[in-house]
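Peer 1: Below is a structure I'd like to ask you about.
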Amino acid sequence: MATLLYRLGRASLRRRRLVAVVWLVVLVGLGLAAATLKGPTASNFTMPGTESQKAIDLLADRFPAASGATGTIAVKAPQDGALTTPAGQAVVGQLTQEAATLPGVVGAVDPYQARALTPDGRYALIQVQFAGRADDVTTEQRDAYEKVGAQAEAQGWQVAPGGEVLNGEPEVGSTEAIGVLVAAIVLIITFGSLVAAGMTMLNALIGVGVGMAGLFALSGAVELTSTAPILALMLGLAVGIDYSLFITSRHRQNLLDGLSPEEAVGRAVGTAGSAVVFAGATVVVALAGLAVVGIPFLTVMGLAAAGTVTVAVLVAITLAPALLGFAGRKVLPRKLRNREAVADPGTGSEDRSGFGFRWAHWVTRFRVPVILVGLLGLGLLAIPAQDMRLALPDASAAAEGTPARVSNDLIQEGFGPGFTGRLAVVVTADSPQATQAAVPQVTALIQKTEGVLAVAPPQLDPSGRTALLGVIPKTGPTDEATETVVHDIREQVAGIQNAEVLLTGVTAIGIDVSEKLSDALPVYLLLVVGLSVLLLMLVFRSILVPVKAALGFLLTVAATFGITVAVFQQGHLADLVGLDTPAPLVSFLPILLIGILFGLAMDYEVFLVSRMREDYVHGDTARQATINGMGHGARVVTAAALIMISVFGGFVFLEDPIIKSMGFALAIGVAIDAFVVRMTIVPAVMSLLNNAAWWLPRWLNRILPNVDVEGEGLRAHLAEREPAEVR
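Using full-length UniProt numbering, read the sequence shown as starting at 1 and increasing by one per residue.
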């Protein structure tokens, strides 16, 4: 592979104008396709095979009027008893009429008829039914809904529209640009050259542009969840910068060693590019592997992000060499651009006085204490993970001041938390008589279920064969007690004869999604760990190195979960990330985090350990090879990790709690894996293992294919040629 990439790098530099034009055409073409073919994103989370999803599908067929999005308008009168006065009834009547005539609304329920009033006569709820589901509600319809009640508010009433209809797309604004700015600063400091930093950033931005344009072009044919493009952007930008950084850094070293630009870029792509391809492949495989979980929205998210990572790899091994050809020696700091500077041994890449070499000497010298402290520290950070709870976030976790949060808080203030997490029970049978006979039995069983506050009267579909009952629990949507209520209701009604009873609603769907994801998590973790051991065994021709890498990955995941739970679920230091209200983690975060961190952890493992193996194979002792790998790779890996942390951290400033928690967890995970696991524990363990780290049974060595990530085959190929041209 290294030899093939070496030739690709040289060819890309020689034909740099053609390569640049091709990528520009691809970018413009996909941009036009995205502009014309882009489809809407979905904010709902479907879960085929679950009881709640089966009920939703049944309602769409039998009870279409009840299958659309719902809204709840919370009303608070200026004083107690105002709702019972003629003037108060007139205000609420006008609000109900105003809501019923909104575009996209099929009806609004009068709170006096539904008895949705508090005993003190101060709070009321107006239920609003939309024709389409939440994803079908247009921005204009949503804006009109949010503006309901302006006249009542002028009279001192508080009107707060809320409900699932406000579940809009998370917006990507200017806050995440902070992360990109920090990444640019890190590049400038690392390279000491504006040209090198700007070229690396341009390379990454073109890759992200191509990947995102292609994704949106496909969105007209494939339904994307609203978080899928954000994840793709987040990951594509981070790895795009990192992959270009690795190749540019190796190219600069080659120039300082006296190679011509063409030979320098060829060897950079052949060596660092091999690691980029392998690392990118691990990210892609891990993300695409989310499909084995069997959850459609998670599969789409994984494939969308995998697509942008694939583009980032292709851009890094083709466009980056072309741009390096345009830049020439300007990728070096100004003082190192002439031949005299190159000839000065003090400027070469073998300077062993840098921090990386000093750190490696210290870590290998005190390897046992370093390992013990590292394990103890990560173990302590992982403790909160044992209390991790998963759920789909509700309006109580929204940012303070947003319409959804204001409405949620007002409903809880007047009616209690259960009214924000209503459940829906669908009773269906082959005949109207069977349905009518079953409804009273179902109602009685639900009413005596512990944790149920009230059961609303049934609504029948036109055929009379399907009934819909509203159930109000005593606790909120993400409370553990509500999860118990859902299971208890299902157990209570399981014995109903001659009718099918299904429990659904946004709350029940969230519980079903979370449980299915929790069940899939151990299987996926085992798949990822097994994959990491196999892939690293191919790369490093070793048994213990892959096992050590997999155990390090598990430490990273455990500590990351622990910190994320402590901040987002338990609320410790929540103000630092702009979190208003602690809540359970979004249900798909752990499994998504495992997939992404696996790929990123393998990035740093490959870039550091491949150099260790390279020097060990060429005669260095195991300890010296470890020091060399750390010394040469520490600066670049540090820069790469800081860039990823900056890019992911930029998304923490978004209001959306899902994106905020994803950005935080990824930033923390990268920081732990790069600085604690890969750059501290790994060299300490490698030094402790000594020669045993590179042991591989002969029989296994014979059957394993040689992927040549370190470039051994490339060195043999170069040895057969004449010495490279030296300028």
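In this text, a Cβ means the ideal position worked out from N, Cα and C, and glycines have one as well.
(1) How do the segment 231-245 and the segment 271-284 stand: do at least 3 beta-carbon pairs fall below 8 Å, yes or no?
(2) Could you check whether Met301 and Leu592 sit closer than 8 Å to each other, using their CB atoms as the reference points?
(3) Does the distance from the C-beta atom of Pro384 to that of Gln570 stay below 8 Å?
(4) Quick one: grab the DSSP three-state call for Met1.
(5) With C-beta atoms as the reference, is Ala360 less than 8 Å away from Ile627?
(6) Please report the straight-line C-alpha distance between Gly650 and Leu237, rounded to a whole angstrom.
(7) To the nearest angstrom, report how far apart Leu576 and Gln141 are at their CA atoms.
(8) Using the DSSP secondary-structure output, state which residues sit across from Glu491 in a beta bridge.
(9) For the beta strand (DSSP E) containing Pro473, name the first residue and the last one.
(10) Touching or not, the segment 355-370 and the segment 683-697, by the rule of three or more beta carbon pairs under 8 Å?
(11) Can you list the beta strand (DSSP E) stretches of 3 or more residues lying completely in the segment 30-101, in chain order?
(12) Quick check on DSSP: helix, strand or coil for Phe297?
(13) Is the CB-CB distance between Pro229 and Met201 below 8 Å?
(14) Based on the DSSP secondary-structure assignment, which residues constitute the bridge partners of Ala559?
(15) Output the boundary residues of the beta strand (DSSP E) element that contains Gln155.
(16) Decide yes or no for the touch test of the segment 523-535 against the segment 631-639: beta carbon pairs closer than 8 Å, at least 3 of them.
(17) Do the segment 279-292 and the segment 517-527 meet, that is, are 3 or more Cβ pairs less than 8 Å apart?
(18) For Gly346 and Gly354, I'd like the C-alpha separation in whole angstroms.
(19) Can you look up Ala693 in the DSSP assignment and give me helix, strand or coil?
(20) Going by C-alpha to C-alpha distance, which of Asp110, Gly71, Pro161 and Ile73 sits closest to Ala90?
(21) Roughly how many angstroms separate the alpha carbons of Ala196 and Tyr6, rounded to a whole number?
(22) Can you tell me the Cα-Cα spacing of Leu8 and Ser646, whole angstroms?
(23) Count the other CB atoms, across all protein chains shown, that sit within 10 Å of the CB of Ala429; report buried if there are 16 or more and exposed otherwise.
(24) Taking C-alpha atoms, which residue in Ile511, Ala437 and Gly31 lies nearest to Ala217?
(25) What is the DSSP secondary structure of Ala399, counted as helix, strand or coil?
(26) Within a Cβ cutoff of 7 Å, which residues of the same chain sit near Glu725, ignoring the five residues on either side of it in sequence?
(27) Just to confirm my understanding: we take Ala312, look at its own chain, exclude 5 residues before and 5 after, and list those with CB closer than 8 Å. What are they?
(28) Please name the residue, chosen from Ala391, Gly258, Ala438 and Leu378, that lies closest to Ser587 on a Cα-to-Cα basis.
(29) If you check the beta carbons only, do Ala320 and Ile247 fall under 8 Å apart?
(30) Taking all protein chains shown into account, decide if Asn254 is buried (16 or more other Cβ within 10 angstroms of its Cβ) or exposed.
(31) In the segment 420-460, which residue ranges form an unbroken alpha helix (DSSP H) of at least 4 residues, counting only runs that do not cross its ends?
(32) Name the DSSP bridge partner or partners of Ala124?
(33) Beta-carbon within less than 6 Å of Ala219's beta-carbon, same chain only, minus the 5 sequence neighbours each way: which residues are those?
(34) Can you list, in chain order, the residues of its chain whose CB lies under 7 Å from that of Val269, leaving out five sequence neighbours each side?
(35) With Val105 as the anchor, note down where its beta strand (DSSP E) starts and where it stops.
(36) Are the beta-carbon atoms of Val283 and Gly71 separated by less than 8 Å?
Peer 2: Concretely, from the data shown:
(1) yes
(2) Here residue 592 refers to the residue found at position 592 when the sequence shown is read from its first residue. Here residue 301 refers to the residue found at position 301 when the sequence shown is read from its first residue. Yes, the pair counts as a contact, with Cβ atoms nearer than the cut-off.
(3) The residue labelled residue 384 in the question sits at position 384 within the sequence shown. The residue labelled residue 570 in the question sits at position 570 within the sequence shown. In this structure, Gln570 lies closer than 8 Å to Pro384 by Cβ.
(4) By 1-based counting over the sequence shown, the position of residue 1 is 1. DSSP places Met1 in coil when its eight states are reduced to three.
(5) Numbered from its first residue, the sequence shown carries residue 360 at position 360. Numbered from its first residue, the sequence shown carries residue 627 at position 627. Yes.
(6) For the purposes of this step, residue 650 is identified with residue 650 of the sequence shown, where counting begins at 1. For the purposes of this step, residue 237 is identified with residue 237 of the sequence shown, where counting begins at 1. The alpha-carbon separation between Gly650 and Leu237 amounts to approximately 12 Å.
(7) Mapped onto the sequence shown, residue 576 falls at position 576. Mapped onto the sequence shown, residue 141 falls at position 141. Approximately 35 Å, taken between the alpha carbons.
(8) The sequence position of residue 491 within the sequence shown is 491, counting from 1. Answer by DSSP bridge pairing: none, since Glu491 is not bridged.
(9) Locating residue 473 in the sequence shown gives position 473, counting from the first residue. Residues Thr466 to Pro473.
(10) yes
(11) Runs found: 70-76.
(12) Here residue 297 is taken as the residue at index 297 of the sequence shown, counted from 1. Reduced to three states, the DSSP call for Phe297 is helix.
(13) Sequence index remark: in the sequence shown, residue 229 carries index 229 (1-based). Sequence index remark: in the sequence shown, residue 201 carries index 201 (1-based). No, the Cβ-Cβ distance between Pro229 and Met201 is not below 8 Å.
(14) For this step, residue 559 is matched to residue 559 along the sequence shown. None; Ala559 has no bridge partner.
(15) Taking the first residue of the sequence shown as 1, we reach residue 155 at position 155. Careful: Gln155 lies outside any beta strand (DSSP E) and carries neither H nor E.
(16) no
(17) yes
(18) Within the sequence shown, residue 346 is the residue found at index 346, counting from 1. Within the sequence shown, residue 354 is the residue found at index 354, counting from 1. Because Gly346 sits at a pLDDT of 43, beneath the cut-off of 50, its placement in the model cannot be relied upon, and the following sentence gives the value as read from the coordinates. Their backbone Cα atoms lie some 12 Å apart in a straight line.
(19) For the purposes of this step, residue 693 is taken as the residue at position 693 of the sequence shown. Three-state DSSP puts Ala693 in a helix.
(20) Numbered from its first residue, the sequence shown carries residue 90 at position 90. Nearest C-alpha to Ala90: Asp110.
(21) Residue 196 sits at position 196 when you count from the first residue of the sequence shown. Residue 6 sits at position 6 when you count from the first residue of the sequence shown. Straight-line Cα distance between these residues: approximately 21 Å.
(22) Residue mapping note: residue 8 aligns to position 8 of the sequence shown, counting from 1. Residue mapping note: residue 646 aligns to position 646 of the sequence shown, counting from 1. The C-alpha of Ser646 is placed about 31 Å away from the C-alpha of Leu8.
(23) Counting from 1 along the sequence shown, the entry for residue 429 is found at position 429. With 16 or more Cβ atoms within 10 Å of its Cβ, Ala429 is classed as buried.
(24) Along the sequence shown, read from residue 1 onward, the residue named residue 217 stands at position 217. For the residues Ile511, Ala437 and Gly31, the minimum Cα distance to Ala217 belongs to Gly31.
(25) Counting from one through the sequence shown, the residue named residue 399 turns up at place 399. Of the three classes helix, strand and coil, the one that applies to Ala399 here is coil, per DSSP.
(26) Residue numbering aside, residue 725 sits at position 725 when the sequence shown is read from its first letter. Because the pLDDT of Glu725 is 45, which lies under 50, any placement of that residue in the model is unreliable, and the number read from its coordinates should be weighed accordingly. Taken in chain order, the residues that qualify are Ser260 and Glu263.
(27) The residue given as residue 312 occupies position 312 in the sequence shown. Here the set comprises Ala204, Gly207, Val208, Gly211, Gly236, Val239, Gly240, Tyr243 and Gly280.
(28) Locating residue 587 in the sequence shown gives position 587, counting from the first residue. Out of Ala391, Gly258, Ala438 and Leu378, Ala391 has the C-alpha closest to the C-alpha of Ser587.
(29) Here residue 320 corresponds to residue number 320 of the sequence shown, with the count starting at 1. Here residue 247 corresponds to residue number 247 of the sequence shown, with the count starting at 1. Yes; because the gap between Cβ atoms is below 8 Å, this pair is in contact.
(30) Taking the first residue of the sequence shown as 1, we reach residue 254 at position 254. It is buried - the Cβ of Asn254 has at least 16 other Cβ atoms within 10 Å.
(31) 432-447
(32) Locating residue 124 in the sequence shown gives position 124, counting from the first residue. Partner(s): Val75 and Leu117.
(33) One-based indexing of the sequence shown puts residue 219 at position 219. It is Ser, not Ala, that sits at residue 219 in the sequence shown. Only Lys38 and Gly39 meet the Cβ criterion.
(34) Residue 269 sits at position 269 when you count from the first residue of the sequence shown. So the qualifying residues of the chain are Leu5, Tyr6, Leu8, Gly9, Ile247, Ile317 and Pro321.
(35) Within the sequence shown, the letter at position 105 stands for residue 105. Val105 to Val109 is the span of the beta strand (DSSP E), which, as asked, contains Val105.
(36) In the sequence shown, counting from the first residue as 1, residue 283 sits at position 283. In the sequence shown, counting from the first residue as 1, residue 71 sits at position 71. In this structure, Gly71 does not lie closer than 8 Å to Val283 by Cβ.
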